[in-house]
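A.B. asks: Take a look at the following structure, please.
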DNA sequence: CGTTTATAACTGACCGGTAAGTTAGTTATA
DNA sequence: TATAACTAACTTACCGGTCAGTTATAAACG
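Chains as they are written, first to last, in the working numbering: chain R, 1 to 207; chain W, 1001 to 1207.
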């Protein structure tokens, strides 16, 4: 190891380090406003070195999104599928789990990036559509359908109901990333999740 | 009028024309990716002429947002305040009105712009926060509070309830502007509005 | 009524800063 | 001494913003 301040000999970690630095900066300043020189500095190497690991800026962005998405997703699937009890009990847990993700991880910032840049980079949007929405929605729809089948819920449209369920969580994410940083008053995402779960259970309860 | 293909002598209309062109391009490509030369071409004049009417690109952006917001807002206020009947009847109308705005106006695209650019241009975000959210939220909260006072609704937190109410509409706007253009399946915003209104009324109904 | 003059509206060509992407060369390790 | 990892310096293209000059209109004048 010697005194090698210039970190060498660990190139396997390099892409991850670059992705981490890029995530922080993309989240902070957006895609266009993030300079590769800054990403490089933060990752502790030169801009040219980034090009050793990523084709171009776009590929780096894609990598960041991919990394953040896959690392933050498996758990939801587990949570929703493992639980075999009454849906009435799962729903509040699920919403509170989402709230914790919104409060404690960069997930909402990622979503904001996707929202803002997917017109310019449709591949990003399609990736998110496929990997997050395409996996998450069916999961939740199945849950609602199960609630109906088990006689807990009235017979509503599962697709629309899922939108009603997660809409406020999207709102919370947008609020946290867009309006709180510029002086909007703090929103208690977990309280919203609990409250919304309560509303939804009242709304869905079979007569 | 003669054959003056070069339009002159109507400078009062010019700012509006420029704003219209800019709106279309900002909505299509985002702020950073929109070239002033393109705005100029679309508005039928030269880039330099834009600077006769707007301080800089940022002021133009601000003008676009301001224009779109004020032209699309007064009606909501009217709708919510004029109606003196039971809140139970107003709520579905209100949601369906929002749905029509989302489907038939560039409002969701504006919102998307604000979401995407407010980190880089906090003034934009604050303007939206003040003019749209600062006016819309209290209006809706008062409506919920009235529903409670009139004995139609159970005693819920009006602030959180309003978030539950409009969350799905935000979701619809995001879906329309972000995911439909890149191959996401069409979402029937009005159906969602009706369905969500139904859920909310069930959720809020006093026992 | 034609001609000059004043000026508002507008433009083409340019400037300067910026940042993505490249390359030729350097350094550390095996 | 071979080579993988890395970098400083460069090239290139773009685009926001400016400015000196041009054109269309209207007012002033003879």
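Heads up, the beta-carbon is just placed ideally off N, CA and C, and yes, glycines get one too.
Consider the Cβ of residue 1160 (chain W): report whether some Cβ of chain R lies at a distance smaller than 8 Å.
C.D. replies: Chain R, which has a Cβ nearer than 8 Å to the Cβ of residue 1160 (chain W), makes this yes.
A.B. asks: Apart from the five residues just before and just after residue 119 (chain R), which ones in its own chain have a Cβ nearer than 6 Å to its Cβ?
C.D. replies: Correct list: empty, nothing qualifies.
A.B. asks: Please list the terminal residues of the continuous alpha helix (DSSP H) segment that includes residue 117 (chain R).
C.D. replies: Element bounds for residue 117 (chain R): 107 to 117.
A.B. asks: Should residue 1158 (chain W) go down as buried or exposed, given a rule of 16 or more other Cβ atoms within 10 Å for buried?
C.D. replies: Buried, because 16 or more other Cβ atoms sit within 10 Å of the Cβ of residue 1158 (chain W).
A.B. asks: Should residue 1059 (chain W) and residue 1049 (chain W) be called a contact, given that it needs their Cβ atoms to be closer than 8 Å?
C.D. replies: Cβ atoms of residue 1059 (chain W) and residue 1049 (chain W): not closer than 8 Å.
A.B. asks: Is the CB-CB distance between residue 205 (chain R) and residue 153 (chain R) below 8 Å?
C.D. replies: Result yes, Cβ atoms of residue 205 (chain R) and residue 153 (chain R) sit closer than 8 Å.
A.B. asks: Pull out every residue of the stretch 106 to 138 of chain R whose Cβ sits closer than 8 Å to any Cβ of chain W, in chain order.
C.D. replies: For the stretch 106 to 138 of chain R, which is checked against every Cβ of chain W, the residues closer than 8 Å are 112, 114, 115, 116, 117, 118, 119, 120, 122, 125, 126, 129 and 133.
A.B. asks: Counting contacts by CB-CB distance shorter than 8 Å, is residue 1092 (chain W) in contact with chain R?
C.D. replies: Judged by the 8 Å Cβ criterion, residue 1092 (chain W) is not in contact with chain R.
A.B. asks: Going along chain W, which residues have a C-beta under 8 Å from residue 192 (chain R)?
C.D. replies: Going along chain W in sequence order, the residues near residue 192 (chain R) (Cβ under 8 Å) are 1160, 1163 and 1164.
A.B. asks: DSSP three-state label for residue 1205 (chain W), please.
C.D. replies: It is a strand residue.
A.B. asks: Just mark residue 4 (chain R) as buried or exposed, buried being the case when its beta carbon has 16 or more other beta carbons within 10 Å.
C.D. replies: Unreliable positioning characterises residue 4 (chain R) in this predicted model, as indicated by a pLDDT of 34, which lies under 50. A coordinate reading is not provided.
A.B. asks: Enumerated in chain order, which unbroken segments of the alpha helix (DSSP H) with a length of 4 residues or greater are wholly contained in the stretch 131 to 175 of chain R?
C.D. replies: Complete alpha helix (DSSP H) runs here, min 4: 134 to 149 and 158 to 174.
A.B. asks: Let's test the definition: count the other Cβ atoms within 10 Å of the Cβ of residue 101 (chain R) and tell me whether it reaches 16, buried, or not, exposed.
C.D. replies: Per the 10 Å Cβ criterion, buried.
A.B. asks: Are the beta-carbon atoms of residue 1021 (chain W) and residue 1035 (chain W) separated by less than 8 Å?
C.D. replies: In this structure, residue 1035 (chain W) does not lie closer than 8 Å to residue 1021 (chain W) by Cβ.
A.B. asks: Put residue 1188 (chain W) into one of helix, strand or coil per three-state DSSP.
C.D. replies: Residue state, collapsed to three classes: coil.
A.B. asks: Should residue 195 (chain R) go down as buried or exposed, given a rule of 16 or more other Cβ atoms within 10 Å for buried?
C.D. replies: So residue 195 (chain R) counts as buried.
A.B. asks: Does residue 180 (chain R) pass the burial test, meaning 16 or more other C-beta atoms within 10 Å, or should it be called exposed?
C.D. replies: With fewer than 16 other Cβ atoms within 10 Å, it is exposed.
A.B. asks: Evaluate residue 1105 (chain W) with the Cβ neighbour count: other Cβ atoms within 10 Å of its Cβ, from every protein chain shown; 16 or more gives buried, anything less gives exposed.
C.D. replies: Exposed.
A.B. asks: Of the choices R:147, R:107 and R:44, whose alpha-carbon is the least far from that of residue 65 (chain R)?
C.D. replies: Residue 65 (chain R) has its Cα closest to that of R:107, out of R:147, R:107 and R:44.
A.B. asks: Can the beta-carbon of residue 23 (chain R) be found closer than 8 Å to that of residue 1170 (chain W)?
C.D. replies: Result no, Cβ atoms of residue 23 (chain R) and residue 1170 (chain W) do not sit closer than 8 Å.
A.B. asks: For a contact meaning CB atoms closer than 9 Å, what does residue 147 (chain R) contact in chain W?
C.D. replies: Chain W residues near residue 147 (chain R): none, gap ~13 Å exceeds 9 Å.
A.B. asks: Just the Cα atoms here: how many angstroms apart are residue 1069 (chain W) and residue 1135 (chain W)?
C.D. replies: One C-alpha to the other measures close to 12 Å.
A.B. asks: Can you find at least 3 beta carbon pairs, one from the stretch 1182 to 1198 of chain W and one from the stretch 1119 to 1128 of chain W, that sit closer than 8 Å?
C.D. replies: No: the two stretches stay apart, fewer than three of their Cβ pairs being nearer than 8 Å.
A.B. asks: Check the Cβ of residue 1178 (chain W) against every Cβ in chain R and list those closer than 8 Å, keeping chain order.
C.D. replies: Residues of chain R passing the Cβ test: 114, 115, 118, 119 and 125.
A.B. asks: According to the Cβ coordinates, are residue 88 (chain R) and residue 201 (chain R) closer than 8 Å?
C.D. replies: In contact: residue 88 (chain R) and residue 201 (chain R) (Cβ atoms closer than 8 Å).
A.B. asks: Please return the same chain residues whose Cβ sits closer than 6 Å to the Cβ of residue 103 (chain R), not counting the five positions on each side in sequence.
C.D. replies: Excluding sequence neighbours, residue 103 (chain R) sits near 189.
A.B. asks: So with Cβ pairs under 8 Å, would you call residue 1098 (chain W) a contact of chain R?
C.D. replies: It does not; no Cβ of chain R falls within 8 Å.
A.B. asks: Taking only the alpha-carbon atoms, compute the straight-line gap between residue 112 (chain R) and residue 178 (chain R) and give it to the nearest angstrom.
C.D. replies: For residue 112 (chain R) and residue 178 (chain R), the distance between alpha carbons rounds to 8 Å.
A.B. asks: Would you say residue 1151 (chain W) lies against chain R (beta-carbon separation less than 8 Å)?
C.D. replies: Chain R contact via Cβ: absent.
A.B. asks: Pick helix, strand or coil for residue 1042 (chain W), following the three-state DSSP scheme.
C.D. replies: Residue 1042 (chain W): helix per DSSP, three-state reduction.
A.B. asks: Are there 16 or more other CB atoms within 10 angstroms of the CB of residue 1071 (chain W), so buried, or fewer, so exposed?
C.D. replies: Classification of residue 1071 (chain W): exposed, given that the 10 Å Cβ count is below 16.
A.B. asks: Note down, in chain order, every chain W residue with its Cβ under 7 Å from the Cβ of residue 202 (chain R).
C.D. replies: Here the neighbours are 1202 and 1203.
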